[in-house]
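Asks:
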Amino acid sequence: MALVRWNPWGELVSMQEQLGQAFFERPRDYVAHLPLDIRQTDEAFIIEGSVPGFKPEQVEVTFDNGILTVSANWQDEHEEKRGEFVRRERQMSSFYRQITLPAEVRSDEIDASFTNGVLTITVPRTQKPQPKKIPVKTTIGSESHTTKVKATAGSAS
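Just so you know, the numbering used here puts the end of the sequence shown at 190, numbered straight through with nothing missing.
#1: Classify A136: buried if its beta carbon has 16 or more other beta carbons within 10 angstroms, exposed otherwise.
#2: Helix or strand or just coil, what does DSSP make of D75?
#3: What's the gap between the Cα of T148 and the Cα of D70?
#4: Can you list, in chain order, the residues of its chain with a C-beta nearer than 7 Å to that of S83? Leave out the 5 residues immediately preceding and following it.
#5: Among the candidates F128, I80, S104, F87, whose CA atom is the shortest distance from the CA of T95?
#6: Exposed or buried, what is I154 when buried is set at 16 or more other beta-carbons lying within 10 Å of its beta-carbon?
#7: Please report the Cβ distance between V156 and F78, rounded to the nearest whole angstrom; I am assuming they are in contact, meaning their Cβ atoms lie under 8 Å.
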């Protein structure tokens, strides 16, 4: 029989794990907050989020009334009996995230791709209206003259 030296930290860690399992562990059906990176260019909004462990068919992206919704649901649908679990931390999980986007997007051209556990959503932007020249007509006596003046959208006269 081998002699093992007593380690008080080992008991403390064991007690912490037992308390965590009893009181602080997340529920079996846990909905996580999906952290996202959102970049803006002149052409599009690029939204990226890490979704490790999910397959592309488990991820759903929808756009409705200016709100982009990303959700996924994963659960172990089959159960194999290859011994009993000593500890089981991988559980059913899901996530749900909504982002409000500005009105300047082309919703019919939104694209989502999935590569190595990273979901990338590209939301094309519409072009901002460019200033247009409006001819200003002046009347002198009975004659009409046209003078071109540059007017910008939203400027006061």
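Ideal Cβ positions, reconstructed from N, Cα and C, are used throughout, including at glycine.
Every value quoted in this text rests on a predicted model; they were computed, and no experiment measured them.
Replies: To lay it out plainly:
#1: The residue in question, A136, is exposed, as its Cβ has fewer than 16 Cβ neighbours within 10 Å.
#2: Coil, per DSSP.
#3: Roughly 15 Å separates the two Cα atoms.
#4: Non-local beta-carbon contacts of S83 in its own chain, meaning distances under 7 Å to residues more than five positions away in sequence, involve G150, V151 in chain order.
#5: Closest option to T95, Cα to Cα, is S104.
#6: With a 10 Å radius around the Cβ and a threshold of 16 neighbouring Cβ atoms, I154 comes out buried.
#7: Right, the Cβ-Cβ distance comes to about 4 Å (below 8 Å), so this counts as a contact.
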